[in-house]
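Undergrad: One structure, pasted below without further comment.
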Amino acid sequence: MRPNRRIHHLFATCVIAPAAFAGCAKPNVWVEAERHIELPVESSRQLDVHSENGSIFVFGDDHSDGDKITMTVRIRAGGRDRVEADTCLNAIDIDTAPLATGHRSVRTTWRKPKRADWDARVSYEVHMPTRLALHATTDNGAINARNVGGECVLETENGPIEVRAGRGRLRGQTANGQIDIETWASDVDLDSKNGGIFAALRARGPVSGRIDSANGRIRVLFGREASTMVTVGTSNGAIRARSLDLSDLHSSRNHLSGRLRDGGGRLRIRTANGHVTLRSLGDAPVGRVAGDSDR
2 MRPNRRIHHL FATCVIAPAA FAGCAKPNVW VEAERHIELP VESSRQLDVH
52 SENGSIFVFG DDHSDGDKIT MTVRIRAGGR DRVEADTCLN AIDIDTAPLA
102 TGHRSVRTTW RKPKRADWDA RVSYEVHMPT RLALHATTDN GAINARNVGG
152 ECVLETENGP IEVRAGRGRL RGQTANGQID IETWASDVDL DSKNGGIFAA
202 LRARGPVSGR IDSANGRIRV LFGREASTMV TVGTSNGAIR ARSLDLSDLH
252 SSRNHLSGRL RDGGGRLRIR TANGHVTLRS LGDAPVGRVA GDSDR
């Protein structure tokens with residue numbers, strides 16, 4: 002039995018695209034809609050959000066009702082004509098089933114088989130209690146998480162990842178896009194196959210994990226109380242440690258290792274193609290650290 006939920010539909014616009022070439026399955030007409038959903042938190046400890054094609058924005062909110070998750074789902078559906086576009090839109094469902102593991106699952110599904118000339122983009126804006134953990138995945142789109150207090154796992158095949166005011170263990174992976182994070186997490190794992198990484202690590206104590214890019218520049222800023230044994234490598238680029246007091250320092254053009262404060266954590270940083278910059282956060286206010294601040 003499907004859980005109780007409150008959904009409101011608002012159909013906004015119809016967009017007519019230029020005519021497609023003969024034999025092409027791309028949509029000619031697009032329609033757009035919003036769906037507003039409220040879900041009870043109940044015994045849920047984690048929210049899982051999945052979109053096949055669309056962005057995901059999640060906000061932890063300490064001031065909202067702690068027993069509810071609220072979502073705005075923005076849908077753009079396309080077909081060869083208005084009738085087909087509307088049929089595509091009506092075939093899209095948002096499944097919100099609670100799972101036995103204590104997770105609440107939210108995902109895009111189809112009520113009927115998707116036709117070859119249909120296309121859809123489904124994006125989520127979610128407000129949830131700060132205490133919940135988050136697992137967000139999309140095949141094509143950006144992921145943005147702000148003020149999430151629990152563990153955060155973010156995965157996209159094609160798009161950027163941004164995190165602000167994170168606290169729990171952080172995992173971020175994109176096959177094609179930038180990663181830009183500011184977090185208090187003491188356990189961080191970031192991986193971009195094609196894109197730069199900016200990480201502001203504000204942990205009060207040991208920081209461990211890895212930061213990897215196959216093709217992109219990496220910049221890591223450490224808070225005043227962060228400590229770790231850091232190892233840095235690049236196959237094609239330089240390594241710079243600015244305003245960072247490292248002891249037991251061993252450095253060459255393509256490799257650096259050293260101890261930050263008591264070295265309580267273990268952090269590995271690696272890019273195959275790009276420069277690596279390490280520096281201190283200093284007194285930069287929370288939320289005021291930009292990814293391009295040290296260019």
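Count along the sequence shown from 1, add 1, and you get the number used in the working numbering. All residues carry an ideal CB built from backbone N, CA and C; glycine is no exception.
1) Enumerate, from N- to C-terminal direction, the unbroken beta strand (DSSP E) stretches of 3 or more residues contained entirely within the segment 219 to 281.
2) For Leu191, which residues in the same chain have their Cβ closer than 6 Å to its Cβ, ignoring the five residues on either side in sequence?
3) Ordered along the chain, which non-local residues of its own chain (more than five positions away) have a Cβ less than 7 Å from that of Gly264?
4) Beta-carbon separation of Arg267 and Leu247 under 8 Å?
5) How long is the line joining the alpha carbons of Arg280 and Ser187, rounded to whole angstroms?
6) Where Gly61 and Val50 are concerned, what is the direct C-alpha to C-alpha distance, given to the nearest angstrom?
7) Apply the 10 Å Cβ neighbour rule to Ala78 and answer buried if 16 or more other Cβ atoms are within range, or exposed otherwise.
8) Mind reading off the beta-carbon distance from Met129 to Val208? Whole number of angstroms is fine, and I expect it under 8 Å.
9) In the structure shown, what three-state DSSP assignment does Val42 receive?
10) By the three-class DSSP mapping on this structure, what secondary structure does Arg147 have?
11) Report all residues from its chain with a CB closer than 6 Å to the CB of Val107; omit the five preceding and five following residues, and keep chain order.
12) Name the one or two DSSP bridge partners that Leu90 has.
13) Just list the beta strand (DSSP E) runs in the segment 164 to 198, keeping only unbroken ones of 3 residues or longer that don't cross its boundaries, in chain order.
14) If we call anything under 8 Å between Cβ atoms a contact, is Ser45 one with His104?
15) Measure the alpha-carbon distance for Ile182 versus Val84 and round it to whole angstroms.
16) I'd like the list of long-range same chain contacts for Leu250, defined as Cβ closer than 6 Å, with 5 residues on each side in sequence excluded.
17) Would you mind working out which of Val127, Thr88, Trp31 and Ser124 sits nearest Arg112, comparing C-alpha positions?
18) With burial defined as no fewer than 16 other Cβ atoms inside 10 Å of the residue's Cβ, what is the status of Asp145: buried or exposed?
19) Compare the beta carbon distance of Leu133 and Gly160 with 8 Å and say whether it is the shorter of the two.
TA: In short, the structure shows the following:
1) Whole beta strand (DSSP E) segments, 3+ residues: 219 to 223, 229 to 235, 240 to 243, 247 to 252, 256 to 261, 267 to 272 and 277 to 281.
2) Only residues of its own chain outside the window of five on either side were considered, and among them Gly173, Ile180, Ile198 and Ile212 have a CB closer than 6 Å to the CB of Leu191, listed in chain order.
3) Closer than 7 Å at the Cβ level, and outside the excluded window around Gly264, lie Ser228, Thr229 and Met230.
4) Their beta carbons are not under 8 Å apart, which means Arg267 does not touch Leu247 by this criterion.
5) Arg280 and Ser187: Cα-Cα distance of roughly 18 Å.
6) If you draw a straight line from the Cα of Gly61 to the Cα of Val50, it is about 14 Å long.
7) Per the 10 Å Cβ criterion, buried.
8) Rounded to the nearest angstrom, the Cβ distance from Met129 to Val208 is 26 Å, too far for a contact under 8 Å.
9) DSSP places Val42 in coil when its eight states are reduced to three.
10) Strand.
11) Cβ neighbours of Val107 beyond the five flanking positions: Val50 and Thr97.
12) Paired residue(s): none; Leu90 is not in a bridge.
13) Taken in chain order, the whole beta strand (DSSP E) runs of length 3 or more contained in the segment 164 to 198 are 171 to 175, 180 to 184 and 188 to 193.
14) Taking 8 Å as the Cβ cut-off, Ser45 and His104 qualify as a contacting pair.
15) In a straight line, the C-alpha of Ile182 is about 43 Å away from that of Val84.
16) Excluding sequence positions up to five before and after Leu250, its CB lies within less than 6 Å of the CB of Gly259, all in the same chain and listed in chain order.
17) Proximity to Arg112 across Val127, Thr88, Trp31 and Ser124 peaks at Thr88, based on C-alpha coordinates.
18) In the sequence as presented, Asp is not what sits at residue 145; that position holds Asn. Asn145 should be labelled buried.
19) No; because the gap between Cβ atoms is not below 8 Å, this pair is not in contact.
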